[in-house]
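A short write-up of the structure that comes next.
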């Protein structure tokens, strides 16, 4: 009878150890995938910043006013002293250019917008 108890205790202990080991492996994988996600996001932020800085000055200014300052096109027309349609065209062309430059399997358009709004203006927009 005592041998059975020892055997059951040993099996239970091995089961606990293997469960603990599996849990550690899962936590390690989770940590590693989070680290990869962070590294990918940083690389995307850098790439976004580079592409934003390549835009013509007026397009950068229009994007900055629309997305960072959250101004309406009407307000921007007064600030930039441009026609309403010209401001819309500047924003449209800038977004189209960014979309084309940043189109890849690892950089989604949605991610670009999230990153653009999460970065401080002084990092993204060099006016």
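Numbering (my numbering), first residue to last: -12 to 114. Using N, Cα and C, we set each Cβ at its ideal position, and we do this for glycine too.
- If you check the CB distance, residue 60 and residue 75 come in under 7 Å.
- Residue 22 sits exposed, since fewer than 16 C-beta atoms from the chains shown fall within 10 Å of its C-beta.
- Here DSSP, grouped into helix, strand and coil, assigns residue 20 to helix.
- Each of 19, 24 and 81 was checked against the Cα of residue 53, and the nearest Cα belongs to 81.
- Collapsing the DSSP output to three states places residue 70 in coil.
- With a threshold of 16 other beta carbon atoms within 10 Å, residue 70 falls short and is exposed.
- In the three-state scheme derived from DSSP, where H, G and I count as helix and E and B as strand, residue 90 is classed as coil.
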